[in-house]
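First comes the structure, then the notes that go with it.
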């Protein structure tokens, strides 16, 4: 059950990161760089956006894993 809770929180974390964080982070990173071609701009923006989403996924997984671990601490596997 701990894995299911962690997966649900991971999806929620990735979704929240995609909606609220990733676009702003990607725009900020691109604005503070100099590029020689528009392709480099789009590549950097896409890579930063996806890295922020992965970070949100990992944070969500860790939060879900921790919450499920605290909730199931009193139970023993049979």
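Numbering (the working numbering), first residue to last: 13 to 90.
Glycine included, C-beta positions come from ideal geometry on N, C-alpha and C.
Exercise. Among the residues of its own chain, which have a CB less than 8 Å from the CB of residue 35, if the five just before and after it don't count?
Worked result: 61
Exercise. Which term fits residue 54, buried or exposed, when burial requires 16 or more other beta carbons within 10 angstroms of its beta carbon?
Worked result: exposed
For this session: Give me the Cα-Cα distance between residue 83 and residue 57, rounded to the nearest whole angstrom.
Result: 39 Å
For this session: Could you spell out where the alpha helix (DSSP H) holding residue 84 opens and where it closes?
Result: Note, residue 84: premise wrong, no alpha helix (DSSP H); not H, not E.
Problem set entry | Nearest to residue 63 (by Cα), restricted to the options 51, 29, 43, 52 | 29
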